[in-house]
Amino acid sequence: MRPEERLTYVASIDRPRLKLPDGKSVAVWPVVNVEHWLIDHPMPRQVLTAPTGAALQPDLPNWAWHEYGMRAGFWRILAAFEQRGICPTLSINGSVCESYPRVAEAAHAAGWEFMGHGFVQAPTHCVEDQPAMIARTIDAIKRITGKPCGGWLGPGLTETLETPDHLAAAGIRWIADWVVDDLPARLRTRHGEVLTMPYSVELNDIPVQMIQHHAAAELEARTYATADRLLAEAAMPGRLGGAKVMSFAIHPYITGVPHRIGMLERLLDGLLARDGLVFMQGDAIAEWYLGTGSHV
Numbered sequence: 026m027r028p029e030e031r032l033t034y035v036a037s038i039d040r041p042r043l044k045l046p047d048g049k050s051v052a053v054w055p056v057v058n059v060e061h062w063l064i065d066h067p068m069p070r071q072v073l074t075a076p077t078g079a080a081l082q083p084d085l086p087n088w089a090w091h092e093y094g095m096r097a098g099f100w101r102i103l104a105a106f107e108q109r110g111i112c113p114t115l116s117i118n119g120s121v122c123e124s125y126p127r128v129a130e131a132a133h134a135a136g137w138e139f140m141g142h143g144f145v146q147a148p149t150h151c152v153e154d155q156p157a158m159i160a161r162t163i164d165a166i167k168r169i170t171g172k173p174c175g176g177w178l179g180p181g182l183t184e185t186l187e188t189p190d191h192l193a194a195a196g197i198r199w200i201a202d203w204v205v206d207d208l209p210a211r212l213r214t215r216h217g218e219v220l221t222m223p224y225s226v227e228l229n230d231i232p233v234q235m236i237q238h239h240a241a242a243e244l245e246a247r248t249y250a251t252a253d254r255l256l257a258e259a260a261m262p263g264r265l266g267g268a269k270v271m272s273f274a275i276h277p278y279i280t281g282v283p284h285r286i287g288m289l290e291r292l293l294d295g296l297l298a299r300d301g302l303v304f305m306q307g308d309a310i311a312e313w314y315l316g317t318g319s320h321v
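Per my numbering, the very first residue in the sequence shown carries number 26; after that it's consecutive.
What follows is the structure, given as structure tokens:
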């Protein structure tokens with residue numbers, strides 16, 4: 026199915042007005058992306074271009090850039106969330122559970138939710154057998170957490186036209202690749218409906234810092250601006266208002282470095298200080314949304 030066949034278009038002003046528990050207005054969904062980059066492949070991101078201007082393999086400098094995040098950056102991020110009593114969602118390649126068990130086990134012990142993110146960090150379009158890759162990822166996560174993951178984010182948000190069908194067949198209940206709204210929505214598959222989850226490609230350290238080359242403070246400012254606007258809209262009368270979901274996404278090799286980790290700490294403190302916000306994980310958001318009875 027094409028995207029427009031899976032997802033019915035509904036204007037935001039035509040959606041039912043929803044309420045979050047305990048009188049909150051905006052659900053904040055933080056996502057930490059932890060990935061496994063294979064030295065055998067071209068690197069998913071490059072901070073340092075090759076001296077000749079052509080990508081070279083093996084690409085040691087960019088592999089090592091990412092590896093720093095797994096060895097040092099992740100632990101700063103873990104501490105920032107733990108010190109504030111916030112449990113984010115971990116978007117995790119299944120192979121991280123095998124190659125970096127120290128990271129996966131620490132996240133699980135801290136109460137983080139696991140979301141499937143492919144088996145290794147490579148585009149879904151390059152995977153010859155998607156059902157096998159999805160099953161392998163879910164199994165790897167289950168070995169760490171004791172249960173299969175309920176959500177999925179494709180590496181780089183990549184999907185083929187068949188991917189939602191494969192995910193639904195494997196038991197995935199919500200997918201974060203469809204960044205189409207400020208609320209979840211129902212997505213048709215050949216194996217029943219799943220939900221889209223409001224992930225963000227703009228409140229995300231990859232486009233903000235690595236592609237657009239802004240200072241770390243830009244991500245902080247964008248997130249505050251988004252939160253304040255959604256809080257204001259939530260209080261509007263009629264269907265213009267009602268509950269919203271706001272996500273922001275970070276990566277250990279970007280936000281976990283010494284010159285950016287302070288931004289994350291300030292950001293979390295600033296969000297905690299705003300009345301009307303509540304931090305939630307993906308499964309909780311999905312259960313809340315389904316419980317509203319919304320048919321969108």
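We put the beta carbon where it would ideally sit given N, CA and C, even for glycine.
**Request:** State buried or exposed for Ile64, treating a residue as buried only when at least 16 other CB atoms are found within 10 Å of its CB.
**Result:** exposed
**Request:** Note down, one range per segment and in chain order, each alpha helix (DSSP H) of at least 4 residues found wholly within the region 223-303.
**Result:** 241-259, 277-280 and 286-297
**Item:** Check whether Val321 and Ala210 have beta carbons under 8 Å apart
**Value:** yes
**Item:** Residue(s) in a DSSP beta bridge with Thr114
**Value:** Val56 and Glu138
**Asked** Which class does Thr188 belong to by DSSP, given the choice of helix, strand or coil?
**Response** The answer is helix: DSSP assigns Thr188 an H, G or I state.
**Request:** Taking only the alpha-carbon atoms, compute the straight-line gap between His238 and Val72 and give it to the nearest angstrom.
**Result:** 11 Å
**8 Å contact criterion, which Gly307 and Trp199 should meet: CB distance rounded** = 6 Å
**Prompt:** With respect to the beta strand (DSSP E) encompassing Ala210, which residues constitute its N-terminal and C-terminal limits?
**Reply:** Start and end: Ala210 to Leu212.
**Between the CA atoms of Met305 and Gly110 - distance to the nearest angstrom** = 12 Å
**Message:** Going by DSSP, what residue range makes up the alpha helix (DSSP H) through Val121?
**Reply:** Val121 to Ser124
**Request:** Would you kindly check if the distance between the Cβ of Tyr278 and the Cβ of Gly98 is under 8 Å?
**Result:** yes
**Item:** Spatial distance of Ala195 from Gln146 (CA atoms)
**Value:** 20 Å
**Item:** Thr170: first and last residue of the uninterrupted alpha helix (DSSP H) it sits in
**Value:** Gln155 to Thr170
**Message:** With H, G and I counted as helix, E and B as strand and the rest as coil, what does DSSP make of Trp313?
**Reply:** Here Trp313 sits in helix by DSSP.
**Request:** May I ask you to list the residues that DSSP assigns as paired with Leu178?
**Result:** Looking at the DSSP assignment, Leu178 forms no beta bridge with any residue, so it has no partner.
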